[in-house]
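In mature numbering (1 follows the signal peptide of the UniProt record, and there is no 0), the protein residues as written are -23 to -1, 1 to 258.
Where a beta carbon is used, it is the ideal one built from N, C-alpha and C, also for glycine.
Bear in mind the structure is a predicted one, so any value in this text is a computation, not a measurement.
The structure appears right after this line, and notes come after that.
Following this line, the structure appears as structure tokens:
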């Protein structure tokens, strides 16, 4: 009973902060997030690749999948994009394997118009993905915790896994997997755990996540953890939120088909290589 009363008190306290912030007509801010994703690599390369080679690739993937993002937001809009850094030049040019870019492009969300726009590069081609905001049915949980100076509350939702997620690319098929791989696989359900704070009264969050009564500061899925490390509210400089405009316009469904087809082609190409790395003849 004491625990419930305490949580109700904290919620009221957070809401009082929210109303104060809402009174500011120019309410805006920036949130910095650290994102870490674990790639599924156990079968990558099959028997054609040594354990040492696999470990090198895993280390390289780990580096590419640890990113810092900035979410710039106001009452109704946000833009989520990777923080620009001056990295040392590498043979991969900061990209994935042979053109596979593992970094999501700038993502614009508009709560009022229910629209999401993503500027995404894939194998040297620029796409402008336009669609409705992905909807998640959030369940409010009876838990709270502190993230920095903000009191956060837990919410969970269930979604289907991302069919355009290149981190699940497994490389060539082994002979014993041929039959299994030809069988269509149903997308698996993923449980999402989010922590949001009503002290920052916007329905925004990192990536595809939004729709809670406060800014989402942490997200955990099956392979990805996103954690807010810094927040700047109502800075003297206006927060710039630019709507992406470049690229071939497609829906999310159309883009998913393009990526799925390309990944299937890559797998076939890998399957045709022998131990010496030659192609199919």
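Residue 103 counts as exposed, since fewer than 16 other C-beta atoms from the protein chains shown sit within 10 angstroms of its C-beta.
Here residue 29 carries a helix assignment [DSSP, helix/strand/coil]. A straight-line Cα-Cα distance of about 23 Å links residue 58 and residue 176. DSSP places residue 49 inside the beta strand (DSSP E), whose first and last residues are 43 to 51. In the structure shown, residue 167 falls within a strand segment according to DSSP collapsed to helix, strand and coil.
Here the C-alpha atom of residue 240 lies approximately 19 Å from the C-alpha atom of residue 35. Only exposed fits residue 137, as fewer than 16 other CB atoms lie within 10 angstroms of its CB.
Counting along the chain, residue 6 sits inside the beta strand (DSSP E) bounded by residues 5 to 14. Membership of residue 132 in the beta strand (DSSP E) is indicated by the continuous run 127 to 137. DSSP places residue 57 inside the beta strand (DSSP E), whose first and last residues are 54 to 59. In the three-state reduction of the DSSP assignment, residue 186 falls in the coil class.
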